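Chains as they are written, first to last, in my numbering: chain A, 18 to 177; chain B, 18 to 177.
Number of protein chains: 2
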Amino acid sequence: MLADLRRPERTFTIRQLCNEFKATPRALRFYEDKGLLTPAREGLNRVYSHKDRVRLQLILRGKRVGLSLSEIRELLDLYDENDDGAAQMARSLKKFRERATALEQQREDIDGALIELREACARLERRLAEIRPDLLPRAADYDQVLRARLDGHADAVMGK
Amino acid sequence: MLADLRRPERTFTIRQLCNEFKATPRALRFYEDKGLLTPAREGLNRVYSHKDRVRLQLILRGKRVGLSLSEIRELLDLYDENDDGAAQMARSLKKFRERATALEQQREDIDGALIELREACARLERRLAEIRPDLLPRAADYDQVLRARLDGHADAVMGK
DNA sequence: GGCCAAGTTGACGTTTACGTAAACGTTGAC
DNA sequence: GTCAACGTTTACGTAAACGTCAACTTGGCC
């Protein structure tokens with residue numbers, strides 16, 4: 018295949034990468050502003066190399082697991098200094114482990130909040146059953162459940 | 018006890034409530050700005066009634082479970098309209114249930130991120146073990162684990 | 001020539017929950 | 001008299017990750 022994505026000399030426009038990874042042009046330019054990407058230019062237009070594409074993948078992976086852009090940049094910088102990559106891998110491993118423990122903590126916090134929420138719900142349900150059973154919402158609306166699942170998504174990990 | 022906190026005519030200064038609930042004066046004034054609290058005045062100074070104290074408790078409880086201040090305000094507003102409180106309870110129950118499903122979703126997202134993280138960690142560990150086993154960080158630093166536990170806290174639920 | 005699509009560079013707006021001065025008033029202790 | 005400790009208001013700062021204009025250029029196509 019002549020258009021194989023992995024052919025190293027292949028280049029990409031901003032929109033191609035946006036489509037492929039479901040990002041916006043604004044986001045890619047923003048990453049560039051922040052030093053995460055440094056695509057070549059053809060006149061004014063950005064030209065993304067195969068390496069740029071890999072970096073973008075790493076950026077998005079970092080975001081998915083909840084790293085901040087500045088943390089991601091640090092890791093990418095190490096990736097460039099390229100002392101065979103070993104030191105960079107060690108630092109990445111450390112960051113990832115830190116992030117994992119932080120996420121575990123977040124999960125515990127959420128569990129605590131859920132306990133408090135369920136208690137509050139139970140109290141309200143009991144009192145409503147006494148006073149005005151007709152106002153008691155049966156089960157959760159399907160609508161809302163669905164909407165809640167369609168929003169949030171991976172963004173929740175980033176604390177949005 | 019003459020100073021029983023539940024004595025309805027008892028009043029509180031801003032600092033007393035701050036100490037009791039570990040908030041800052043700035044925060045209470047901010048809640049007032051946002052319409053969540055409306056303490057009386059003695060000259061310029063704020064005087065918090067027993068009812069204000071209850072409202073503050075509700076505010077903080079709402080925050081702990083991850084509601085935004087504007088959501089909390091909506092609930093408190095309903096609390097005031099006070100048609101025997103039943104309608105307000107029904108709305109609160111609805112909000113709480115919505116919040117619960119959102120938190121459950123967040124937990125799933127976190128679990129997904131944790132899976133991706135653990136895979137990445139495993140890959141890095143294997144490759145480091147091959148290339149430079151000396152750089153492989155043994156276990157997580159005690160320091161960092163402790164720090165991670167002391168920060169985050171309930172704030173994590175709020176997405177901080 | 002004329003127009004559209006897609007690219008570019010600023011630069012300001014958004015959101016949340018306060019923190020952080022700055023500048024001032026009041027009260028009580030010494 | 002004056003210093004500390006508490007209170008007040010006004011108002012700007014913060015952080016993150018872009019969204020959303022605005023105003024312009026470039027290339028292609030008819």
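Note that CB positions come from ideal geometry on N, CA and C, so glycine has one too. Remember, predicted model here, so these are calculated numbers, not experimental data.
Contact set for residue i: own chain, Cβ-Cβ below 7 Å, skip 5 residues either direction
i: Asp69 (chain B); result: Leu54, Pro56
i: Leu73 (chain A); result: Leu34, Phe38, Leu54
Simplified DSSP state of residue i, which is helix, strand or coil
i: Glu59 (chain B); result: strand
i: Val82 (chain B); result: coil
i: Ile31 (chain A); result: helix
Pairwise C-alpha distance: residue j and residue i
i: Ala104 (chain B); j: Tyr48 (chain B); result: 24 Å
i: Gly129 (chain A); j: Leu84 (chain B); result: 14 Å
i: Arg90 (chain B); j: Phe113 (chain A); result: 38 Å
i: Ile148 (chain B); j: Thr30 (chain A); result: 36 Å
i: Leu145 (chain B); j: Val82 (chain A); result: 21 Å
i: Leu86 (chain B); j: Val64 (chain A); result: 45 Å
i: Pro150 (chain A); j: Arg46 (chain B); result: 38 Å
i: Ala40 (chain A); j: His67 (chain A); result: 17 Å
i: Leu131 (chain B); j: Ala117 (chain A); result: 6 Å
i: Glu121 (chain B); j: Ala44 (chain B); result: 29 Å
i: Glu26 (chain B); j: Glu115 (chain A); result: 50 Å
i: Glu142 (chain B); j: Gly52 (chain A); result: 28 Å
i: Gly102 (chain B); j: Glu88 (chain B); result: 17 Å
i: Thr28 (chain B); j: Asn36 (chain B); result: 14 Å
i: Gln98 (chain A); j: Asp94 (chain B); result: The sequence shown places Glu at residue 98 (chain A), rather than the Gln named in the question. Approximately 57 Å, taken between the alpha carbons.
i: Glu133 (chain B); j: Glu133 (chain A); result: 29 Å
C-beta contact flag for residue i and residue j at 9 Å
i: Arg124 (chain A); j: Arg124 (chain B); result: yes
i: Leu75 (chain A); j: Tyr96 (chain A); result: yes
i: Pro154 (chain A); j: Lys80 (chain B); result: no
i: Ala107 (chain A); j: Leu152 (chain B); result: yes
Residue burial classification, residue i (beta-carbon count within 10 angstroms, cutoff 16)
i: Leu61 (chain B); result: exposed
i: Ala137 (chain A); result: buried
i: Val71 (chain A); result: exposed
i: Asp50 (chain B); result: exposed
i: Asp126 (chain B); result: buried
i: Ala119 (chain A); result: buried
Close-in-space but distant-in-sequence residues of the same chain around residue i (CB under 6 Å, 5 per side omitted)
i: Leu185 (chain A); result: Look at the range of chain A in this structure, 18 to 177, and you will see that residue 185 (chain A) is not part of it.
Nonlocal neighbours in the same chain, by C-beta distance under 8 Å from residue i, ignoring five residues either side
i: Arg32 (chain A); result: Pro42
i: Glu59 (chain B); result: none
Residue i Cβ short of 8 Å to the ligand MN heavy atom set
i: Leu92 (chain B); result: Ligands in the displayed structure: none, and consequently the ligand MN is not present.
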